[in-house]
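Working notes for the structure below.
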Amino acid sequence: MGEASSFEMILSFVLLFISIAILMIIATRVYRGGVLLYSQGRLIEMIKRALIVTNREKDN
Numbered sequence: 251m252g253e254a255s256s257f258e259m260i261l262s263f264v265l266l267f268i269s270i271a272i273l274m275i276i277a278t279r280v281y282r283g284g285v286l287l288y289s290q291g292r293l294i295e296m297i298k299r300a301l302i303v304t305n306r307e308k309d310n
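In our numbering, each residue carries its 1-based index in the sequence shown increased by 250.
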């Protein structure tokens, strides 16, 4: 096995980042679809709760 050239290394990293980006896009679409199943009131409660927890973590 020979050493990989810099072009092959760059190409492999680019393909890796592209595949990660595609997976993240698919995951956010699936997550948004799951969130839309909840009622709007429930979603607002969850956001408020997350903000409260975030503020507590900042204070500590």
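Even for Gly, the Cβ is constructed at its ideal location relative to N, Cα and C.
query                                                                                                                    : result
Taking buried to mean at least 16 other C-beta atoms within 10 Å of its own C-beta, is isoleucine 268 buried or exposed? : exposed
With a cut-off of 8 Å, does the C-beta of isoleucine 270 fall near any C-beta of chain D?                                : Annotation note: the requested chain D is absent from the structure, which comprises a single protein chain.
From isoleucine 272 to serine 262, what does the alpha carbon distance come to, in whole angstroms?                      : 15 Å
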